[in-house]
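These protein sequences, in sequence, are chains A and B.
Sequential numbering of the first sequence, starting at 1, is according to UniProt numbering.
Sequential numbering of the second sequence, starting at 1, is according to UniProt numbering.
I have placed the structure first, in the form of structure tokens, so that the comments after it can refer back to it.
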Amino acid sequence: MDARPAFPTRWFPLLLATPQMLIVFLFFLWPAVKAIAWSFYLVRPFGNGSRFVGLDNYLRILTDDSFYASLRATLVFTAGSTLLAVTIALALAACLELDVRAKRLLRSIFIWPYAVAGVVVGIVLKVLINPVTGLLAFLNQLWPGVWAPHLIGAQAMLALIAAFAWTQVPLNFILFSAALQRIPADLMGAAAIDGAGPWRRFIDIQLPMIAPALLLAGVINVIEAFTHGFGLVDALTQGGPGRSTAILAYQIYSDGFIGLDLSGSSALSVVLMLFIVALTLLQLRFFRQGAGRW
Amino acid sequence: MVERHPRMTALAYCVLGLGLLLALGPLYLILCSASVTSQAWISQGMPLTPGTALLENLREVAQRIDLWRYLFNSLLVASLVVSGKLLLSSVTAFAVSYFRPRCRGLILVLLFSALLLPLEVRIVPTYAAASDLLEPLRSLLQALDLSGQQAVPSISLVNTYAGLSLPLVASATGTFLFLQFYRTIPPELVEAARIDGAGPWRFYVDILLPLSKTNFAALGAIVFISTWKDYMWPLVITSHEQMRTITLAMASFLPVESGQMPQWNLLMAAALAAIAVPAVFVVAAQRWFVKGIVGTEK
């Protein structure tokens, strides 16, 4: 990259890069700057002017219980779905490395949920977990009122976590399978000759060798849950019951577009932005170490 | 492995079987629910075996909502975003790797900032930006205390295909993928091309593009699916029904008031229609997916 350029022209490349730069400026940077600016102003909706209020918006959300409810929901949702998705994907990828049949077919089947959008999962699940007609309705026939995800926050959260993990497994599975296949066959063969069984080889060789992929998948899952959890939440629970499942991405949307509280929504945006920046930097660190030429 | 571990293999089959159930179970249940009549739903509850009314249900869905229109919208927007992203990513990476453009640092910083700012965290101001495209220009004039602010027209992308696709075509990961790929191309190739008298554009079209085919396919496959699955942006940027994408239209099929008795079988048939295209695509283009995911995320 530091060698002299292949072509000496200096203005032509600028022309090439301009369209993308323009789009990044218009739809990424400008809105982000605006969110930061709005977070220091009290903005009235419908363009009725605004007033500088300093850190008031932040103080307002930081003293508001709903912010902590939202933060808690985000953390539980993110941690739960990430752990679940990583564990399931790891189990599937590791089992496929053993002496089993129909590997190719199984691979295709495990990948297919990647096609399903979060919001579609949410809608389908709404039917499947319906307390009267759904799959778990029999629980209510045995013990009336025991399964009520529309009333009990923890049950709604459980459904969200399971559903989001379902959508995240394929990506992790692909990452883990690729990492497992990069392990030299000699290494596994040598361990087998030394008498290490499959379980031993998994713990002592495979797991440490794919540790970077595990961490990477974890970080990606966390970012995905922060951002793409929105569709699922909007379709399945709309943040309820109460505020028990209002993750930050959903709160930003509903404060801004439904509550028309641009200032509060922007302050939340800035908070979530900080989370994402920290996570992306972490991801890039893994990326650089993993690829080694970045 | 050469050695046999019957118990371990049995355990593996159990785990894989469970995975199979988890992956295909929901699809089966959707199929069952989508293929029974409304009366059957009401009298017997959720079906666990497939019925025979799938085609009728689909036909009814197509009558109630403009299914073809939504499918067309999804397909068009996904294609626009895929072609835009591929073109912009590769051209920007080309500019940065094979030239020493002025403000190269600025270009990389801008791209990097795009990586840090997912749509979900800046959704409200991005909507504002898309509904008044030239606002930055107006603000600039205002800040410089120049006249002519009033002359700047207000251009809104709300309810347009441009609005649905344009804000999504910038891609930091895509550009970084191409940057990385171009670095693996031996410099001798450029030298040879230059000696043969090829200018930069010629080199890009005749040499780089054919070499990047795999990257195009891999990145394109991922972008296509993620655009198809996108929900938040189409939700805020469209208000007209005929501009909705299929994923968004699906959600509107839910009853608005809780008192209304939803027709679950129709809802599930609509879900099936929304899933079909991307599912076939994922299975058919599996090879490119794996390449793309391992390539862009690593």
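We put the beta carbon where it would ideally sit given N, CA and C, even for glycine.
Near residue 149 of chain A, which residues of its chain fall below 6 Å by C-beta distance, leaving aside the five closest residues on each side in sequence? 129, 155, 156, 159
Look up residue 43 of chain A in the DSSP assignment and give the residues it is bridged to. A/50
Have a look at A/21, A/238, A/15, A/263 and flag the residue whose alpha-carbon is nearest the alpha-carbon of residue 106 of chain B. A/21
Contact set for residue 36 of chain B: own chain, Cβ-Cβ below 7 Å, skip 5 residues either direction: 47, 51, 53, 265
Pick from A/218, A/166, A/200 that is closest to residue 175 of chain A, judged by C-alpha positions: A/218
Which residues in the same chain have their Cβ closer than 7 Å to the Cβ of residue 154 of chain B, if we skip the five residues on either side of it in sequence? 132, 134
The segment 107-118 of chain A: positions lying closer than 8 Å to chain B by Cβ: 107, 108, 109, 110, 111, 112, 113, 114, 115, 116, 117, 118
Per-residue contacts from residue 44 of chain A into chain B (C-beta, under 7 Å): Correct list: empty, because the minimum Cβ distance to chain B is about 14 Å.
Less than 8 Å between the beta carbons of residue 236 of chain A and residue 272 of chain A, yes or no? no
Roughly how many angstroms separate the alpha carbons of residue 35 of chain A and residue 250 of chain A, rounded to a whole number? 16 Å
List, from N- to C-terminal side, the alpha helix (DSSP H) runs of 4 residues or more that fit wholly inside the segment 12-62 of chain B. 38-44
Would you please verify whether the beta carbon of residue 296 of chain A is less than 8 Å from any beta carbon of chain B? Residue 296 of chain A lies beyond the range of chain A shown here (1 to 294); nothing can be said about it.
Should the segment 261-281 of chain A be regarded as contacting the segment 110-129 of chain B, the criterion being three or more beta carbon pairs within less than 8 Å? yes
Would residue 273 of chain B count as contacting chain A if we go by Cβ distances under 8 Å? no
Residues of its chain near residue 257 of chain B, where Cβ-Cβ distance is below 6 Å and the 5 sequence neighbours each way are ignored: Unreliable positioning characterises residue 257 of chain B in this predicted model, as indicated by a pLDDT of 49, which lies under 50. The coordinate reading is nonetheless provided below. Counting only Cβ-Cβ distances below 6 Å, and skipping sequence neighbours, we find nothing.
Using the rule of at least 16 other Cβ atoms within 10 Å of the residue's Cβ for burial, across every protein chain shown, is residue 2 of chain A buried or exposed? Because residue 2 of chain A carries a pLDDT of 47, less than 50, the predicted location of this residue cannot be relied on, and the following value inherits that uncertainty. Classification for residue 2 of chain A: exposed.
So, using beta-carbon positions, are residue 166 of chain B and residue 157 of chain B closer together than 8 Å? yes
Can you tell me the Cα-Cα spacing of residue 120 of chain A and residue 192 of chain A, whole angstroms? 45 Å
Which residues in chain A sit within 7 Å of residue 102 of chain B, going by Cβ to Cβ distance? 10, 14
Alpha helix (DSSP H) segment containing residue 95 of chain A, residue limits: 65-96
Do you know offhand how far residue 101 of chain A's Cα is from residue 152 of chain A's? 43 Å
I need the straight-line Cα distance from residue 141 of chain A to residue 45 of chain B, nearest angstrom please. 13 Å
Please determine, among B/136, B/231, B/61, the residue with the shortest C-alpha to C-alpha distance to residue 26 of chain A. B/136
Around the C-beta of residue 311 of chain B, are 16 or more other C-beta atoms found within 10 angstroms, so that it is buried, or is it exposed? In the structure displayed, chain B extends from 1 to 298; residue 311 of chain B sits before or after that span and is not available.
Of all Cβ atoms in chain B, is any one closer than 8 Å to the Cβ of residue 266 of chain A? yes
With residue 170 of chain B and residue 24 of chain A assumed to form a contact (beta carbons below 8 Å), what rounded beta-carbon distance in angstroms separates them? 5 Å
Is the distance from the Cβ of residue 271 of chain B to the Cβ of residue 124 of chain A below 8 Å? yes
Neighbour list for residue 231 of chain A in chain B, Cβ cutoff strictly below 7 Å: 231, 232
Going by C-alpha to C-alpha distance, which of A/260, A/98, A/86 sits closest to residue 169 of chain A? A/86
Suppose contacts are defined by Cβ-Cβ distances below 8 Å. Is residue 211 of chain B in contact with residue 185 of chain B by that definition? yes
Given that a residue counts as buried once 16 or more other Cβ atoms are within 10 Å of its Cβ, and exposed if not, what is residue 12 of chain B? buried
Contact belief for residue 13 of chain A with residue 216 of chain B at Cβ below 8 Å, rounded distance in angstroms: No, residue 13 of chain A and residue 216 of chain B are not in contact; Cβ-Cβ is about 21 Å, not under 8 Å.
For residue 200 of chain B, go through chain A and note every residue whose CB falls closer than 7 Å to its CB, in chain order. 7, 9, 12
Taking only the alpha-carbon atoms, compute the straight-line gap between residue 103 of chain B and residue 94 of chain B and give it to the nearest angstrom. 15 Å
Would you report the Cα separation of residue 327 of chain A and residue 253 of chain B, rounded to the nearest angstrom? This structure leaves residue 327 of chain A out entirely; chain A is present only between 1 and 294.
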